[in-house]
Ligand code: HEM
Ligand SMILES: Nc1ncnc2c1ncn2[C@@H]1O[C@H](COP(=O)(O)OP(=O)(O)OP(=O)(O)O)[C@@H](O)[C@H]1O
Ligand SMILES: Nc1ncnc2c1ncn2[C@@H]1O[C@H](COP(=O)(O)OP(=O)(O)OP(=O)(O)O)[C@@H](O)[C@H]1O
Ligand SMILES: [Mg+2]
Ligand SMILES: [Mg+2]
């Protein structure tokens, strides 16, 4: 019993430990490729290296928010109303906010170097900021309190609505002719990027994805433990309250 | 459900008629937002160009306050909870409150748009007028739905005074953009043609449909913790 | 009286620390206001020029919501009336609430001004920095005093959700202008020199003194209908 | 005044209220810690007990207003968690708040609450008259009422409904002596007509003489006091 | 517990409360229509009467919370209109609302209200203990309390003050049987120590046994019931 509990109290498993090692190795690889192996860009010079964090950051934020939406949908759709889906949604949103933050910071550093300013009121930048704040609001709603299912229901609805902003961010460069880079990789324009650069970009995406999965597993388990703590607390509280009734 | 919606909307509008909050407080407030912003800008040429944006910005900020008031009515004495306890259809509550909100917003927009037509001597053609009215209606439906949905969500929470604007502002951004662009072309600001305005209505229509449907469905689960 | 002020301010700040409303809700909201206004404008040249204005505009809108929350705490369960009935010095209440409000505002402004210094690459010289800090302090005192005064006035009224912004917005216009101009010169926007900023501080100082004195004196009679 | 719902007549269930080992958790605290209670048609059950014992929570649980963590509760044979909407259509609850709109008049409030549940205007008029709200008061905005007058308005709104199960949380609070008598006679009449009534109250003398049975709520559980097992 | 103020000791006045032909108009309605009442030191006066009669208004008038249109009212020899601040320093009022901050804990609330009037922490601790708020409850945020627990918190905040005149508007509402007894013994002790107490209540049995005198408020006027003229 004690060993089981003790094992339950950590969020790591052999799998996540392995994943963690692979992720760290991937980060090292990415840094070496991003900073040293890839050539400088014709137009952007050395600054292009920021891309290897900036673009995967943005895409993984999208992915995280989409996962949030999907698992929220699962929560609402499945009759069981499993809180696991809700915790995945919450964990994924937290990580998404983190990645979006990485993308915002690297983007504005990059902007400082290429456009000469940290920030302009460009459509892509503005909509990205909206998306970022929307998920801050989502996390605020998750913290409103109430029962776990109340939290799950409220935030699931918000997550399904918030995810609709992603196309707005993605297509913003086309809707408003923007200063920001058009969709050059995922779009239908011809990819004109140097092969090694493209490889490194995809490497970045893969490494960020590993990092995402790794963090998601840990965070989701941490949330499960938090909820479990509430529940074991409940048994103790119930017992305490019952004896109280017996006494009086 | 429609009967419930009617009862709720009638109640909200009666309270509004009695307290005249829109006429006496919100419309002056919205006008002030426009004026204040003009101060911050301090340039006539710029102002004339951004007038349509100001109209919708002022509307959106007014929405924040009107929604706050609309739900303050329901929560100060526990009426929202009493509605739930009485088994009143949440969809009816949503529709009723949205309807009342939309009516109030239309009144507000009529004044703001009207004023800016006059102030900026916008030459609104017949087709521009149609565009303008359609814009206002679609934007209003969208704003009223999303306002009611999020107002209900924030109603029971503590810190709702600040939570509501945080939740509402980012989602209404598309309305701001779409309505502004459509209004610009209706006004002919920057030489934009009326025909360029119509595509923006698509955005507004999608928003309005999305939030009225989601709102009608989700209001119950959200409010009924 | 000062002891009363301290008790009240401590209470308000403790509630804020516990609920983290400023950090989690108001600061993101203020950031959004800046972005929204900027988006409505949609012109880079204009925007860079009005960046300082946007900081203060966002601050002022945040004030509306922070004040609403500050007095919602006092009125939901009749605490404000209980304070009056207990003979607590109204001047102490005013000072305490102003102090708490000012502390929260300073935190907000530090973030907003800091962010815009970075974002606009404002080259703030030492003297510019002094100007900036003085501006923030004076503006904060003014905003907090007038916010508390009018917040107290609106607290008991019905329709206070919409009355408060209507009352507050026009009076804070001088703060908006003064603080914007002073910040512009601290930032060197439009090539304005730092020295040009100081005269605007006069305006802010007058405003701050006026409203803290008037507030301290008039708060009692206003709240104590 | 009280409509007997089809389910009740069909006799598909044993008790109007059937609460079994219900646990309700409010912010990690077990406000109900395994409460069990059955109430039959026509009963007027008084719930008493110390502050914070869980009376309000028990009443709210019967109206499906708080999530039930463990155990099950049914009202008129309907499960309060899964068939909440149906339950609520048969239940009339008055809580610590009155749920009134202060800008509307007394008559408008009662009419609003009546019309949300389809009460006829005759029923509404009767309800107001029974709670002593005819005459001068009926056109006053609620904002101008005294505490007891508000409570009367809320009670009239409740009476205007045809609830099968009345859940009353300290209904006498704020009422004057006459109002208490009026309320009691309304409740007795409703019970006689087939309604079932649960009253949480600290005024044991008053509510005790009204009630047909008295149970105590202590530390989140129901314990019998008199007249058979809870 | 109760400090006798200097004015009281100097005997500059005849009655602790002296209300003469007071008219209070609320929104064009004469909530008090020429009310007269005198209360002496150590008395516990019960105010009863129908809903809307003016009990709340009378208590609020004594604390200078409503404007007096005609007549005059004085407390401890101080005119409630012109010397309002001095009056309020000696008066402790509990109304229909509790005046609590729901984000603060019970202990923080009582401490806050105690410290605004300079109560010592010993007094605050005693007050909480007397109202049964020590133990688990004291660190709970008020948002998590039941109705009666809130009322207890508000009463503890009141008890922590050293008021000379206690104005209590339905203080028993929401309290359980034990809480009522605790409150009554606190009030009796305060009165014995020289405080003067006015209680508006509809629970005539309960408050009647506590009170040393009983007057009725009817249609904005005070009419005697028992024990001498009002
Ligand atoms: C604060 C400033 C910035 C923000 C918030 C930002 C945001 C984003 C976002 C959200 C994406 C994902 C787009 C999508 O695929 O939907 C993205 C992609 C990208 N960004 Fe940025 N960005 C910023 C600055 C920059 C700068 C300065 C550059 C380069 C000059 C840049 C270059 C790129 C590139 C090349 C992509 C990949 C485009 C694609 O293939 O789809 N970004 N950015
Ligand atoms: N703002 C107002 N405008 C008009 N009339 C008012 C207003 N406030 C109160 N009244 C009226 O004043 C009268 C006295 O109210 P008060 O609250 O003093 O009664 P009360 O004796 O305390 O009644 P209760 O037993 O119900 O608490 C009531 O008839 C009420 O309708
Ligand atoms: N949000 C919450 N978080 C934690 N505990 C809560 C919450 N709400 C209520 N409680 C606790 O639940 C318990 C039951 O409350 P309830 O309101 O049902 O009591 P009650 O019997 O109605 O008391 P009273 O006689 O005072 O009205 C109380 O002890 C209270 O502290
Ligand atoms: Mg209760
Ligand atoms: Mg009263």
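Protein chains in written order, with the working numbering: chain L, 1 to 248; chain R, 1 to 225; chain E, 1 to 225; chain V, 1 to 230; chain U, 1 to 230.
Beta carbons are placed, not taken as given, at the ideal position from N, Cα and C, and that holds for glycine.
Below 8 Å, can you find three or more Cβ-Cβ pairs linking the stretch 146-155 of chain E to the stretch 12-21 of chain E? no
Taking 7 Å as the cut-off, does the CB of residue 96 of chain V come closer than this to any heavy atom belonging to ligand 4? yes
With DSSP as the reference, please indicate the residues paired to residue 211 of chain E in a beta bridge. Bridge partners of residue 211 of chain E: none, in fact.
Which chain R residues sit within Cβ distance under 7 Å of residue 140 of chain L? 163 and 166
Would you say residue 244 of chain L faces chain V, with C-beta separation under 8 Å as the test? yes
Taking C-beta to C-beta, are residue 117 of chain E and residue 111 of chain E nearer than 8 Å? no
Rounded to whole angstroms, what is the Cα-Cα separation between residue 56 of chain E and residue 30 of chain E? 10 Å
Entirely within the stretch 163-199 of chain R and at least 3 residues each: give me those beta strand (DSSP E) ranges in chain order. none
Where residue 219 of chain E sits in the DSSP three-state scheme: It is helical.
Inter-residue Cα distance where the pair is residue 171 of chain V and residue 115 of chain U: The straight-line gap from Cα to Cα measures roughly 35 Å.
So, under 8 Å CB-CB, residue 44 of chain V and residue 199 of chain V are touching, yes? Tell me the CB distance rounded to an integer number of Å. 7 Å
For residue 67 of chain E, return the contacting residues in chain U, with the cut-off set at a CB-CB distance below 9 Å. Within 9 Å Cβ-Cβ: nothing; residue 67 of chain E doesn't reach chain U, min ~17 Å.
Check the Cβ of residue 77 of chain R against every Cβ in chain V and list those closer than 8 Å, keeping chain order. 97, 98, 99, 100, 101 and 102
Tell me which residues share the same chain as residue 30 of chain L and place their Cβ nearer than 6 Å to its Cβ, disregarding the 5 neighbours each side in the sequence. Once the five neighbours on either side are set aside, the close Cβ partners of residue 30 of chain L are 203, 204 and 207.
Can you tell me whether residue 217 of chain U sits near ligand 2, meaning its C-beta is under 7 Å from at least one heavy atom of the ligand? yes
Here's the rule: buried if 16 or more other CB atoms are within 10 angstroms of the residue's CB, otherwise exposed. What is residue 205 of chain V? exposed
Return yes when the Cβ of residue 6 of chain E is within less than 8 Å of the Cβ of residue 96 of chain E, no when it is not. In this structure, residue 96 of chain E sits near residue 6 of chain E, with a CB-CB distance shorter than 8 Å.
Would a C-beta distance cut-off of 8 Å place residue 36 of chain V and residue 60 of chain V closer than the cut-off? no
Own chain partners of residue 222 of chain E with C-beta closer than 8 Å, once the 5 adjacent residues on each side are dropped: 149, 152 and 153
Can you look up residue 260 of chain R in the DSSP assignment and give me helix, strand or coil? The question about residue 260 of chain R has no answer here: the residues shown for chain R are numbered 1 through 225.
Taking the Cβ atom as the reference point for each residue, do residue 169 of chain L and residue 113 of chain L lie within a distance shorter than 8 Å? Using a Cβ distance threshold of 8 Å, residue 169 of chain L and residue 113 of chain L do not count as a contacting pair.
At 7 Å on the CB atoms, spell out the chain E contacts of residue 93 of chain U, in chain order. 85
List the endpoints of the continuous alpha helix (DSSP H) containing residue 115 of chain V. Unbroken alpha helix (DSSP H) run through residue 115 of chain V: 106-116.
Can you have a look at residue 135 of chain E and say buried or exposed, based on whether 16 or more other CB atoms are within 10 angstroms of its CB? buried
Verify whether the separation of the beta carbon atoms of residue 159 of chain E and residue 21 of chain R is less than 8 Å. Yes; because the gap between Cβ atoms is below 8 Å, this pair is in contact.
Is it buried or exposed for residue 39 of chain L, if we count other Cβ within 10 angstroms and need 16 for buried? Exposed, by the Cβ-count rule.
Residue 65 of chain V touches chain R at which residues, Cβ-Cβ below 8 Å? Those within 8 Å of residue 65 of chain V in chain R are 81, 84 and 85.
In chain order, each beta strand (DSSP E) run of at least 3 residues that lies wholly inside the stretch 140-185 of chain U: 165-169
Contact the stretch 59-68 of chain E vs the stretch 195-203 of chain E: 3+ CB pairs below 8 Å: Output reads no: the stretch 195-203 of chain E does not touch the stretch 59-68 of chain E.
What did DSSP end up calling residue 187 of chain L once you bin it into helix, strand or coil? With a pLDDT of 45 at residue 187 of chain L, under the threshold of 50, the modelled position of that residue is not reliable, and no figure is offered here.
Regarding residue 158 of chain R and ligand 3, is the C-beta to nearest heavy atom distance less than 7 Å? no
Where do the ends of the alpha helix (DSSP H) carrying residue 149 of chain R lie? 126-155
Any heavy atom of ligand 5 within a distance shorter than 7 Å of the CB on residue 55 of chain U? yes
The stretch 146-174 of chain L: which residues have C-beta closer than 7 Å to a C-beta of chain R, in chain order? 146, 150, 153, 154, 157, 161 and 168
Residue-level contact to chain R via CB, residue 164 of chain V, 8 Å cutoff: no
Length of the line joining the Cα atoms of residue 91 of chain L and residue 144 of chain E: Rounded to the nearest angstrom, the two C-alpha atoms are 38 Å apart.
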